[in-house]
Amino acid sequence: MKKLSARRRHPLAAVVVLLFALAATGGLYAAFAPAGKAQADETAQSLAIEEGKKLYAVGCASCHGTGGQGTTDGPSLVGVGSAAVDFQVGTGRMPAQQPGAQVPKKKVIYTQAQIDQLAAYVASLGAGPITPTESQTDPSNADVGKGGELFRTNCAQCHNFTGEGGALTHGKFAPSLEGVSPKHIYEAMQTGPQNMPSFPDSTMPEKEKKDIIAYVKAVNGEETPSPGGFGLGGLGPVSEGLFAWIFGLGALIAVAVWVAAHTAKAKKS
Amino acid sequence: MSSQENPEEALPAEQGNAHGEVAPKDDPFADPGLPPHKPRIQDLDERAAKRSERVVAFLFTLSMIATIGFIASFVAFPIDKIVYVWPLGHVSALNLSLGLTLGIALFCIGAGAVHWARTLMSDVEVADERHAIQASPEVKAKVMADFKAGAEESVIGRRKLIRTTMFGALALVPLSGVVLLRDLGPLPEKKLRETSWDKGKRLINQNTMEPLRAEDVVVGSLTFAVPEGLKEDDHEFNQKIAKDALMIVRIQPDEIKNKQQREWAAEGIVAYSKICTHVGCPISLYEQQTHHVLCPCHQSTFDLSDGARVIFGPAGHPLPQLRIKVNDQGYLEAMGDFAEPVGPAFWERG
Numbered sequence: 001m002k003k004l005s006a007r008r009r010h011p012l013a014a015v016v017v018l019l020f021a022l023a024a025t026g027g028l029y030a031a032f033a034p035a036g037k038a039q040a041d042e043t044a045q046s047l048a049i050e051e052g053k054k055l056y057a058v059g060c061a062s063c064h065g066t067g068g069q070g071t072t073d074g075p076s077l078v079g080v081g082s083a084a085v086d087f088q089v090g091t092g093r094m095p096a097q098q099p100g101a102q103v104p105k106k107k108v109i110y111t112q113a114q115i116d117q118l119a120a121y122v123a124s125l126g127a128g129p130i131t132p133t134e135s136q137t138d139p140s141n142a143d144v145g146k147g148g149e150l151f152r153t154n155c156a157q158c159h160n161f162t163g164e165g166g167a168l169t170h171g172k173f174a175p176s177l178e179g180v181s182p183k184h185i186y187e188a189m190q191t192g193p194q195n196m197p198s199f200p201d202s203t204m205p206e207k208e209k210k211d212i213i214a215y216v217k218a219v220n221g222e223e224t225p226s227p228g229g230f231g232l233g234g235l236g237p238v239s240e241g242l243f244a245w246i247f248g249l250g251a252l253i254a255v256a257v258w259v260a261a262h263t264a265k266a267k268k269s
Numbered sequence: 270m271s272s273q274e275n276p277e278e279a280l281p282a283e284q285g286n287a288h289g290e291v292a293p294k295d296d297p298f299a300d301p302g303l304p305p306h307k308p309r310i311q312d313l314d315e316r317a318a319k320r321s322e323r324v325v326a327f328l329f330t331l332s333m334i335a336t337i338g339f340i341a342s343f344v345a346f347p348i349d350k351i352v353y354v355w356p357l358g359h360v361s362a363l364n365l366s367l368g369l370t371l372g373i374a375l376f377c378i379g380a381g382a383v384h385w386a387r388t389l390m391s392d393v394e395v396a397d398e399r400h401a402i403q404a405s406p407e408v409k410a411k412v413m414a415d416f417k418a419g420a421e422e423s424v425i426g427r428r429k430l431i432r433t434t435m436f437g438a439l440a441l442v443p444l445s446g447v448v449l450l451r452d453l454g455p456l457p458e459k460k461l462r463e464t465s466w467d468k469g470k471r472l473i474n475q476n477t478m479e480p481l482r483a484e485d486v487v488v489g490s491l492t493f494a495v496p497e498g499l500k501e502d503d504h505e506f507n508q509k510i511a512k513d514a515l516m517i518v519r520i521q522p523d524e525i526k527n528k529q530q531r532e533w534a535a536e537g538i539v540a541y542s543k544i545c546t547h548v549g550c551p552i553s554l555y556e557q558q559t560h561h562v563l564c565p566c567h568q569s570t571f572d573l574s575d576g577a578r579v580i581f582g583p584a585g586h587p588l589p590q591l592r593i594k595v596n597d598q599g600y601l602e603a604m605g606d607f608a609e610p611v612g613p614a615f616w617e618r619g
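Each protein sequence line maps, in turn, to chains V and B. Counting from 1, one number per residue, gives the positions in the first sequence under the working numbering. Counting from 270, one number per residue, gives the positions in the second sequence under the working numbering.
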């Protein structure tokens, strides 16, 4: 103890004390905050909004403004609805890593419960598309054929005819739909994230969205058969032709060179 | 005739010196001739030759087995059977087995033939000189004489009527081909300039085939529309949709930079032709924040907030805009046809 007091005038002493103080404050907060929440005996909805507001203040406010009004770094979130939050945060696009042409999908950092709280808070800012329920996005009884027709009319121009994705202008791109959950596909159509146009229920009813989800699952799901064996990314005849020219003809040339390079003579010269 | 029937006569005298001619020592550019022949192991050792024979026979036999396998798998596998094969994934059993067996059958024939040629067929180098191309004077004279005799015997020189009518017949026959060119037509006339859009025709949502209401179209959304009355089982559906297809977006009126575009829109809802003005690809890669529309074929880019002006790519014209309004019942309807031809430019477009 004597040693400790002897060091009280050390240049780093203040830093150490500050760290202790911060740890103590944080620890006390963590210990008491849940109790405070339980005491505020309100409806689950307003509780979620309250929690979402706290998460929002930490993770989103720097770009979208303290009240979701938007800043030069991020658009306003008034009226985007809970579906947009569920999509953007649920696919890891938000919070954005860095500004750029397009915010890509990445590891999701919030739990689904936290995402729901954030969504509840943002939905409270203004009415917008609501996160769909399980039954709204379930494609099990949908019409895959009709879905294919709708997909080719509305989606295939950017996302490719089997949802492999494609390039747009200035570094933007339509992402691949492989492994995207039905809920997120539904929300993307509903809300039109980033540069994707939206396909609201007024022009594309819920049933048609289900058909599209069923089609995407049929042509780009885990169990989707590839009858020929080499899908080559499903990018179409150009990539397939290029593959045949480079690797097909390349293999023939390699075999011909190999045959000619090996002499059949008894005495190698 | 006799010299033509025996081409060997035209060959140079010194032929068949397969092991190289010895050039005069003072000629620096002399043909060095062929290198000395080296034997193969199969030429020296009969057992090695037997081995090669067995290899070739094995390859041919494998090909036969693969062909039988091809026929067997064609019979055995139903066309829709999907199996999991590592590392290809879920593949059609029929496609995979047909491809593999046919591939093996063809490859083994080729490989067997190559191995046969390289190890067992004679590989002694042989030089074979070319013939002189020119025919001998006697042959030429005989051909000319034969031709003259033939012309004489056909009486074409004497019987002028036959000659003249034959020339007439030969000259007229190609006319039938010229007449058939008419079937390349008829000319398109007004078809390139007109679409099915007309005053009062409502815009039908291509997804639901229901008429579109102004409030259905929200800012940031993308909708495709066809004219009222266009049915998919129409005889001319494909020709019509290729000109009628519309792209409907809603832009905040103050974001629309082009005055005419703002006037032709209904409450900020703009209707543009979906057909690219470059070579007519359906164009609808719409970016809702920039209002740019990109053509997937040649990357022509149009700015939908500025009269669909071309901002990039090979397209020569802005996308034609259809003038629309909201009618009394709240439905979107056209106020006439497009003001200019839709789709790619053509010679008489003006």
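Quick reminder that beta carbons are idealized off the backbone N, C-alpha and C, glycines included. All figures in this text were calculated on a predicted structure; none of them were measured in a lab.
Q.
For a quick check, are the C-beta atoms of Ala540 (chain B) and Leu515 (chain B) less than 8 Å apart?
A. For the purposes of this step, residue 540 (chain B) is taken as the residue at position 271 of the second sequence. For the purposes of this step, residue 515 (chain B) is taken as the residue at position 246 of the second sequence. Going by C-beta atoms, Ala540 (chain B) is nearer than 8 Å to Leu515 (chain B).
Q.
Can you find the residues in the same chain that come closer than 8 Å, C-beta to C-beta, to Ile109 (chain V), ignoring five residues on each side of it along the sequence?
A. Position 109 of the first sequence, counted from the first residue, corresponds to residue 109 (chain V). Cβ within range, chain order: Gly92 and Pro95.
Q) Is Glu602 (chain B) close to chain V, meaning its C-beta is less than 8 Å from at least one C-beta of that chain? A) If you number the second sequence from 1, residue 602 (chain B) lands on position 333. Taking Cβ atoms only, chain V never reaches closer than 8 Å to Glu602 (chain B), which makes this a no.
Q) In chain B, which residues lie with their C-beta within 9 Å of the C-beta of Lys265 (chain V)? A) Working through the first sequence from its first residue, we reach residue 265 (chain V) at position 265. Going along chain B in sequence order, the residues near Lys265 (chain V) (Cβ under 9 Å) are Lys307, Pro308, Arg309, Ile310 and Asp392.
(Q) With distance defined between alpha-carbon atoms, name the residue in V:Glu223, V:His184 and V:Ala254 nearest to Val85 (chain V). (A) Residue numbering aside, residue 85 (chain V) sits at position 85 when the first sequence is read from its first letter. Among V:Glu223, V:His184 and V:Ala254, the Cα nearest to that of Val85 (chain V) is on V:His184.
Q.
If I measure Cβ to Cβ from Gly65 (chain V) and keep anything under 6 Å in the same chain, skipping five residues before and after, which residues do I get?
A. Counted from its first residue, the first sequence places residue 65 (chain V) at position 65. Here the set comprises Thr71.
Q: Quick one: grab the DSSP three-state call for Glu421 (chain B).
A: By 1-based counting over the second sequence, the position of residue 421 (chain B) is 152. Helix, per DSSP.
Q. Alpha carbon to alpha carbon, how far is Ile253 (chain V) from Asp392 (chain B)?
A. Within the first sequence, numbered from 1, the residue matching residue 253 (chain V) stands at position 253. Within the second sequence, numbered from 1, the residue matching residue 392 (chain B) stands at position 123. Computed Cα separation, rounded: 23 Å.
**Q.** Contact residues within the stretch 349-366 of chain B, judged by C-beta distance below 8 Å to chain V
**A.** Ile351, Val354, Leu357, Gly358, His359, Val360, Ser361, Asn364 and Leu365
Q. Start and end of the beta strand (DSSP E) containing Val579 (chain B)?
A. Within the second sequence, numbered from 1, the residue matching residue 579 (chain B) stands at position 310. Start and end: Arg578 to Phe581.
Q) Quick one: does Asn476 (chain B) have its CB under 8 Å from some CB of chain V? A) For the purposes of this step, residue 476 (chain B) is taken as the residue at position 207 of the second sequence. Output row for Asn476 (chain B): interface = yes.
Q. Using Cβ-Cβ distances below 9 Å, what residues of the stretch 531-553 of chain B are close to chain V?
A. Pro551, Ile552 and Ser553
Q. When you check each C-beta in the stretch 192-203 of chain V against every C-beta of chain B, which residues fall closer than 8 Å?
A. Gly192, Gln194, Asn195, Met196, Pro197, Ser198, Phe199, Pro200, Ser202 and Thr203
Q) Looking at the unbroken beta strand (DSSP E) that takes in Ser198 (chain V), where does it start and where does it end? A) As a working mapping, residue 198 (chain V) is identified with position 198 in the first sequence. Careful: Ser198 (chain V) lies outside any beta strand (DSSP E) and carries neither H nor E.
Q. Would a C-beta distance cut-off of 8 Å place Gly74 (chain V) and Gly128 (chain V) closer than the cut-off?
A. Working through the first sequence from its first residue, we reach residue 74 (chain V) at position 74. Working through the first sequence from its first residue, we reach residue 128 (chain V) at position 128. No; because the gap between Cβ atoms is not below 8 Å, this pair is not in contact.
Q: Report the residue ranges of all alpha helix (DSSP H) runs contained in full by the stretch 290-377 of chain B; include only those spanning at least 4 residues, in chain order.
A: 310-313 and 315-345
(Q) Contact criterion: CB-CB distance below 8 Å. Does Asn154 (chain V) meet it with respect to chain B? (A) The sequence position of residue 154 (chain V) within the first sequence is 154, counting from 1. Yes - at least one Cβ of chain B is within 8 Å of the one on Asn154 (chain V).
Q: Using a cut-off of 8 Å between C-beta atoms, extract the partners of Thr224 (chain V) located in chain B.
A: The residue labelled residue 224 (chain V) in the question sits at position 224 within the first sequence. What Thr224 (chain V) touches in chain B: His359.
Q: Would you verify that the beta carbon of Thr169 (chain V) is, or is not, closer than 8 Å to some beta carbon of chain B?
A: Taking the first residue of the first sequence as 1, we reach residue 169 (chain V) at position 169. By this cut-off, Thr169 (chain V) is an interface position.
Q | N- and C-terminal bounds of the beta strand (DSSP E) containing Met516 (chain B) | A | In the second sequence, the residue the question calls residue 516 (chain B) occupies position 247. That run of the beta strand (DSSP E) goes Leu515 to Arg519.
Q) Taking the alpha carbon of Val216 (chain V) as the point to measure from, which residue in V:Gly90, V:Phe87 and V:Leu150 has its own alpha carbon closest? A) Position 216 of the first sequence, counted from the start, is the residue given in the question as residue 216 (chain V). The shortest C-alpha separation from Val216 (chain V) is found at V:Leu150.
Q. Looking at C-beta atoms only, is the number of pairs between the stretch 391-408 of chain B and the stretch 358-369 of chain B that lie closer than 8 Å three or more?
A. no
(Q) For a contact defined as C-beta to C-beta under 9 Å, what are the partners of Pro565 (chain B) on chain V? (A) In the second sequence, counting from the first residue as 1, residue 565 (chain B) sits at position 296. Under the 9 Å cutoff, chain V gives Gln157, Cys158 and Gly166.
Q.
Looking at the strands, I want to know which residues DSSP matches up with Tyr600 (chain B).
A. Start at 1 with the first residue of the second sequence, and residue 600 (chain B) comes out as number 331. B:Arg482.
Q | Closer than 9 Å at the beta carbon, the chain V residues around His504 (chain B) | A | Residue mapping note: residue 504 (chain B) aligns to position 235 of the second sequence, counting from 1. Correct list: empty, because the minimum Cβ distance to chain V is about 20 Å.
Q. Buried or exposed: which applies to Gln475 (chain B), given that a residue is buried once 16 or more other Cβ atoms fall within 10 Å of its Cβ?
A. Position 206 of the second sequence, counting from 1, holds the residue named residue 475 (chain B). Under this definition Gln475 (chain B) is a buried residue.
Q. Expressed to the nearest angstrom, what Euclidean distance is found between the alpha-carbon atoms of Arg399 (chain B) and Pro301 (chain B)?
A. Translated into positions along the second sequence, residue 399 (chain B) becomes position 130. Translated into positions along the second sequence, residue 301 (chain B) becomes position 32. Their Cα atoms are separated by approximately 18 Å.
(Q) Using CA atoms only, rank isn't needed, just tell me which of B:Gly446, B:Trp533, B:Met413 and B:Leu371 is closest to Ile593 (chain B). (A) Translated into the one-based positions of the second sequence, residue 593 (chain B) becomes position 324. Answer by Cα proximity: B:Trp533.
Q. Should Lys105 (chain V) be flagged as near chain B, meaning a C-beta pair shorter than 8 Å?
A. Your numbering for residue 105 (chain V) matches position 105 in the first sequence. Taking Cβ atoms only, chain B never reaches closer than 8 Å to Lys105 (chain V), which makes this a no.
Q) How do the stretch 455-468 of chain B and the stretch 603-613 of chain B stand: do at least 3 beta-carbon pairs fall below 8 Å, yes or no? A) yes
Q. Cβ atoms of Asp211 (chain V) and Asp143 (chain V): under 8 Å apart, would you say?
A. As a first step, residue 143 (chain V) must be located in the first sequence, where it is residue number 143. As a first step, residue 211 (chain V) must be located in the first sequence, where it is residue number 211. Cβ distance < 8 Å, so Asp143 (chain V) and Asp211 (chain V) count as in contact.
Q) Per the contact definition of three or more C-beta pairs closer than 8 Å, is the stretch 479-493 of chain B in contact with the stretch 503-518 of chain B? A) yes
**Q.** At least three beta-carbon pairs within less than 8 Å, the stretch 326-335 of chain B to the stretch 374-390 of chain B
**A.** yes
Q. Among V:Leu22, V:Gln69, V:Asn220 and V:Leu232, which residue has its Cα nearest to the Cα of Ala156 (chain V)?
A. Within the first sequence, numbered from 1, the residue matching residue 156 (chain V) stands at position 156. Ranking V:Leu22, V:Gln69, V:Asn220 and V:Leu232 by Cα distance to Ala156 (chain V) puts V:Asn220 first.
Q | Below-8 Å beta-carbon distance, Val611 (chain B) vs any chain V residue | A | As a first step, residue 611 (chain B) is located in the second sequence; it is residue number 342 there, counting from the start. So no, Val611 (chain B) is outside the interface.
Q | Where the beta strand (DSSP E) containing Val548 (chain B) begins and where it ends | A | Here residue 548 (chain B) corresponds to residue number 279 of the second sequence, with the count starting at 1. That residue, Val548 (chain B), is in no beta strand (DSSP E); it is neither H nor E in DSSP.
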